[in-house]
Amino acid sequence: MFTDTINKCAVNAARIVRLAKESPLGFWISSAMAGAYVGLGIILIFTLGNLVDPSVRPLVMGATFGIALTLVIIAGSELFTGHTMFLTLGVKAGTIRQSQMWAVLPQTWLGNLLGSVLVALMYYYGGGSLLPVDTSLVHSAALAKTTAPAEVLFFKGVLCNWLV
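When we follow the working numbering, the leftmost residue of the sequence shown carries the number 10, and every step to the right adds one.
Following this line, the structure appears as structure tokens:
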């Protein structure tokens, strides 16, 4: 990264820590909204993925997931993956302390989890079918993630988060 970019990330880290301290409820709501946007994106990609030919499914699902990330950015919500980068650079640049980073990251992660679970519950109780049949695309994806070797999952996670 260029120095200017790192400095902007470090300034953003200080903003994140300040928001979490000065407005904890607002921070949690913003973190939950990021999880909700990603949850909506997951519902969208699996809905569309079920409708298209398997030969183009990864392309369609990958392209439509960007909508969720766009919502996160436009709404200015707090996503754990971005915070991991910003807060780490903030510690390295000296704009925040390591203790501040470790205080904020769990809040962001838990807020994201809360938002995604709430969306899943609303979708389910609203009549959506999260797990329609044992052979659904959701089941196939879950099975692939639980049977793949740990190192494969680790590097896929690194690559996915790199893009986020």
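Glycine included, every Cβ here is placed at the ideal spot set by N, Cα and C.
A quick note: this is a predicted structure, and the numbers were derived from the prediction, not measured.
**Q.** Backbone CA spacing between Leu152 and Leu28 [nearest angstrom]
**A.** 38 Å
Q. Sorry if obvious, but does the Cβ on Leu122 come closer than 7 Å to a heavy atom of the ligand ATP?
A. Absence of the ligand ATP from the depicted structure is noted, as is the absence of any ligand whatsoever, leaving it without description.
Q | Buried versus exposed, by CB contacts within 10 Å (16 or more), Leu60 | A | exposed
Q) At what residue ranges does the segment 84-116 contain a whole run of the alpha helix (DSSP H), taking only runs of 4 or more? A) 89-102
Q) Using CA coordinates, which residue listed in Arg24, Ser40, Phe11 is at the minimum distance from Thr117? A) Ser40
Q. What does a CB cutoff of less than 6 Å around Val176 pick up in its chain, not counting 5 residues either side in sequence?
A. The question about residue 176 has no answer here: the residues shown for the chain are numbered 10 through 173.
**Q.** Sub-8 Å separation of Cys18 and Phe95 beta-carbons
**A.** yes
Q.
Quick check on Gly85: buried or exposed, where buried means 16 or more other Cβ atoms within 10 Å of its Cβ?
A. exposed
Q: Determine the closest residue to Thr12 out of Lys101, Thr73, Ile25, with distance taken between C-alpha atoms.
A: Lys101
Q) Sorted by chain position, which residues of the same chain lie with C-beta nearer than 7 Å to Gly50's C-beta, five sequence neighbours on each side aside? A) Phe74, Ile76, Ala77
(Q) Comparing C-alpha positions only, which one of Thr97, Met42, Ala45 sits nearest to Ala23? (A) Thr97
**Q.** Under the three-state DSSP convention, the category Ser40 falls into
**A.** helix
Q. The alpha helix (DSSP H) spanning Phe11 covers which residue range?
A. Run containing Phe11: none; DSSP gives neither H nor E here.
Q.
Considering just the uninterrupted stretch of the alpha helix (DSSP H) at Thr156, what are its terminal residues?
A. 146-156
**Q.** Terminal residues of the alpha helix (DSSP H) in which Gly166 lies
**A.** 159-172
Q. So what does DSSP say about Ser125, is it helix, strand or coil?
A. helix
Q) If you draw a straight line from the C-alpha of Leu146 to the C-alpha of Ala72, how long is it? A) 17 Å
Q: Pick out whichever of Met42, His148, Glu31, Val65 has its Cα sitting closest to the Cα of Leu127.
A: Met42
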